[in-house]
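Peer 1: To start, I am sharing the structure in question, which I have written as structure tokens.
In UniProt numbering, the protein residues as written are 1 to 271.
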């Protein structure tokens, strides 16, 4: 199983070098970002980062801007900072979000913004935020990271290379087609749900996380599953896996099984 572990570790390093949107603990790093005062006068951006516990809906094909509804609470809006760096757009807190939102949990339904971008190549959400993508997209490479109990939903994309990372009880839902390579990293108590297909898929699931790919097909797959995690996938042509702890892996079809290891109280089932 050394080959699988080394391969996924190498992919992980490649993923984080691709995503250049680093996190500092539970917050997105602001190094090199510049504050922007007018949400309607923003440079063209292809990456969106949300580090504030609100809901953001992404709309594609228009010039970059952020729209706050008329009933958006003023005290919350005053704490929101909009920053840019290269083609990255960041929405974050000036530092008072915890105290401001403490008494507003029942008003979360009002904390919604619309973000307009000409194109989209990457997303990052943290701080219990929610990003929804309203439009389907077609890009050469795409990456998404969710951490800190945040969610990224509604992804419908066609891309040669896709990398998805969920950590810290976060969720990602994605419909992926036309992909040559898919990388999924799920840790903590996170959940990744996949629909679609890819030529190859490399999946690492740890902690008490879940990768539900029962509606996802791939020719070549590799799984590294540990802790008390679960992973499932539809029909595959070939599969290699390392399953440990009290984890489970299920797959369909009659694939060629390459290297395989099942230890502890783990199980692997062909359905």
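We put the beta carbon where it would ideally sit given N, CA and C, even for glycine.
Could you check the C-alpha separation between residue 216 and residue 75 for me, to the nearest Å?
Peer 2: To locate residue 216, count along the chain shown from 1; it is residue 216. To locate residue 75, count along the chain shown from 1; it is residue 75. If you take the alpha carbons of residue 216 and residue 75, they lie about 44 Å apart.
Peer 1: If you measure between the beta carbons of residue 131 and residue 56, is that distance less than 7 Å?
Peer 2: Stepping through the chain shown from its first residue, residue 131 is reached at position 131. Stepping through the chain shown from its first residue, residue 56 is reached at position 56. For residue 131 and residue 56, yes; Cβs fall inside 7 Å.
Peer 1: When the Cβ atoms of the region 155-170 are set against those of the region 132-140, are three or more pairs found closer than 8 Å?
Peer 2: Cβ pair count under 8 Å is three or more, so yes.
Peer 1: What three-state label does DSSP hand residue 273 in the structure shown?
Peer 2: The shown model of the chain, from 1 to 271, leaves out residue 273, and the question about it has no answer.
Peer 1: In terms of DSSP beta bridges, what is residue 38 paired with?
Peer 2: As a working note, residue 38 is residue 38 in the chain shown. None; residue 38 has no bridge partner.
Peer 1: State the DSSP-derived secondary structure class of residue 94, mapped to helix, strand or coil.
Peer 2: In the chain shown, the residue the question calls residue 94 occupies position 94. Correct three-state label for residue 94: coil.
Peer 1: Comparing alpha-carbon positions, which option in 260, 200, 255, 232 lies nearest residue 248?
Peer 2: The residue you call residue 248 lines up with position 248 of the chain shown. Nearest of 260, 200, 255, 232 to residue 248, Cα basis: 232.
Peer 1: Leaving out five residues before and five after residue 44 in sequence, what residues of the same chain have Cβ atoms less than 6 Å from its Cβ?
Peer 2: Position 44 of the chain shown, counting from 1, holds the residue named residue 44. Excluding residues within five positions, the ones whose Cβ falls inside 6 Å are 64, 118.
Peer 1: Just curious, the beta strand (DSSP E) that residue 59 is in, first and last residue?
Peer 2: Translated into positions along the chain shown, residue 59 becomes position 59. Residues 55-60.
Peer 1: Taking the C-alpha atoms as reference points, what is the distance between residue 95 and residue 191?
Peer 2: The residue given as residue 95 occupies position 95 in the chain shown. The residue given as residue 191 occupies position 191 in the chain shown. So the two alpha carbons sit approximately 29 Å from each other.
Peer 1: Rounding to the nearest angstrom, what Cα-Cα distance links residue 168 and residue 186 in this structure?
Peer 2: In the chain shown, the residue the question calls residue 168 occupies position 168. In the chain shown, the residue the question calls residue 186 occupies position 186. If you take the alpha carbons of residue 168 and residue 186, they lie about 9 Å apart.
Peer 1: Short check: CB of residue 182 to CB of residue 162, under 7 Å?
Peer 2: Here the question's residue 182 lines up with position 182 in the chain shown. Here the question's residue 162 lines up with position 162 in the chain shown. Yes, the pair counts as a contact, with Cβ atoms nearer than the cut-off.
Peer 1: Under the DSSP definition of a beta bridge, which residues are partnered with residue 117?
Peer 2: Here residue 117 refers to the residue found at position 117 of the chain shown. 60.
Peer 1: Going straight from the alpha carbon of residue 32 to that of residue 259, what length do you get?
Peer 2: Residue mapping note: residue 32 aligns to position 32 of the chain shown, counting from 1. Residue mapping note: residue 259 aligns to position 259 of the chain shown, counting from 1. Going from the Cα of residue 32 to the Cα of residue 259 covers about 44 Å.
Peer 1: Helix, strand or coil for residue 191 per DSSP?
Peer 2: Indexing the chain shown from 1 puts residue 191 at position 191. Correct three-state label for residue 191: strand.
Peer 1: Alpha carbon to alpha carbon, what distance is there between residue 126 and residue 172?
Peer 2: Position 172 of the chain shown, counted from the first residue, corresponds to residue 172. Position 126 of the chain shown, counted from the first residue, corresponds to residue 126. Near 12 Å, if we compare the C-alpha coordinates of residue 126 and residue 172.
Peer 1: Taking residue 211 as part of the beta strand (DSSP E), name the residues at either end of that continuous run.
Peer 2: The sequence position of residue 211 within the chain shown is 211, counting from 1. Taken as a continuous stretch (DSSP letters only), the beta strand (DSSP E) holding residue 211 covers 210-225.
Peer 1: Please return the same chain residues whose Cβ sits closer than 6 Å to the Cβ of residue 166, not counting the five positions on each side in sequence.
Peer 2: On the chain shown, position 166 is the one that residue 166 refers to. Counting only Cβ-Cβ distances below 6 Å, and skipping sequence neighbours, we find 146, 172, 186, 190, 192.
Peer 1: Helix, strand or coil: which one does DSSP assign to residue 86?
Peer 2: Numbered from its first residue, the chain shown carries residue 86 at position 86. Coil at residue 86, not helix or strand.
Peer 1: Assuming residue 248 is part of the beta strand (DSSP E), what are its boundary residues?
Peer 2: Counting from 1 along the chain shown, the entry for residue 248 is found at position 248. It spans 248-252 - the beta strand (DSSP E) in which residue 248 sits, taken as one unbroken run.
Peer 1: Check each candidate in 209, 60, 38, 246 and name the one with the smallest Cα separation from residue 47.
Peer 2: Residue mapping note: residue 47 aligns to position 47 of the chain shown, counting from 1. For the residues 209, 60, 38, 246, the minimum Cα distance to residue 47 belongs to 60.
Peer 1: In chain order, what residues of the same chain have a beta carbon less than 7 Å from the beta carbon of residue 83, not counting five sequence neighbours either side?
Peer 2: Working through the chain shown from its first residue, we reach residue 83 at position 83. Correct list, in chain order: 30, 33, 34, 35, 36, 90, 92.
Peer 1: If we count the other Cβ atoms within 10 Å of its Cβ and call it buried at 16 or more, is residue 69 buried or exposed?
Peer 2: Along the chain shown, read from residue 1 onward, the residue named residue 69 stands at position 69. Flag for residue 69 reads exposed.
Peer 1: Which class does residue 135 belong to by DSSP, given the choice of helix, strand or coil?
Peer 2: In the chain shown, counting from the first residue as 1, residue 135 sits at position 135. It is coil, neither helix nor strand.
Peer 1: By Cβ distance, which residues of its chain are closer than 7 Å to residue 226, with the 5 residues on each side in sequence left out?
Peer 2: For the purposes of this step, residue 226 is taken as the residue at position 226 of the chain shown. Answer for residue 226: 206, 244, 245, 247, listed in chain order.
Peer 1: Assuming contact is defined by CB atoms lying nearer than 7 Å, are residue 174 and residue 201 in contact in what I supplied?
Peer 2: Position 174 of the chain shown, counted from the first residue, corresponds to residue 174. Position 201 of the chain shown, counted from the first residue, corresponds to residue 201. No. Outside cutoff.
Peer 1: Are there 16 or more other CB atoms within 10 angstroms of the CB of residue 140, so buried, or fewer, so exposed?
Peer 2: Within the chain shown, numbered from 1, the residue matching residue 140 stands at position 140. Result: exposed.
Peer 1: By how many angstroms is the C-alpha of residue 263 removed from the C-alpha of residue 80?
Peer 2: Translated into the one-based positions of the chain shown, residue 80 becomes position 80. Translated into the one-based positions of the chain shown, residue 263 becomes position 263. Roughly 48 Å separates the two Cα atoms.
Peer 1: Under the three-state reduction of DSSP, which class applies to residue 196: helix, strand or coil?
Peer 2: As a first step, residue 196 is located in the chain shown; it is residue number 196 there, counting from the start. Correct three-state label for residue 196: strand.
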